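In what follows, a structure is listed as structure tokens, so that the remarks can point back to it.
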Amino acid sequence: MQHEENTRLKIVRLIEPALCISCRFSRVATVEMQDDTVRKMMHCMRLDCDNWQMEDFEDRPRSISD
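Here the sequence shown stands for residues 286 to 351, numbered as in my numbering.
What follows is the structure, encoded as structure tokens:
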């Protein structure tokens, strides 16, 4: 199951980050990266959001916790 979760985690670029703060589908999350660093990021649970753009990032998330 861990592998399946990892394939769904993606880093995206937010168009207007301030909109995410009040969004009911958004949470601040702790994200563990593949290089063992830990970061705070926005976790969007709405997969069809118009406020982000897909880009190819070298950083890869390993796990996320809200």
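Even glycine gets a Cβ: it sits at the ideal position worked out from N, Cα and C.
None of the values given here were measured: they were computed from a predicted structure.
Beta-bridge annotation (DSSP): PRO346 is paired with MET318. Going by beta carbons, VAL297 and MET339 fall inside the 8 Å limit.
Where CYS308 is concerned, there is no enclosing alpha helix (DSSP H), because DSSP gives it neither an H nor an E. About 13 Å separates the CB atoms of ARG345 and MET326; that is not less than 8 Å, and the two are not in contact. Closest by C-alpha distance to ASP333, out of SER311, SER350, PHE342, is SER311.
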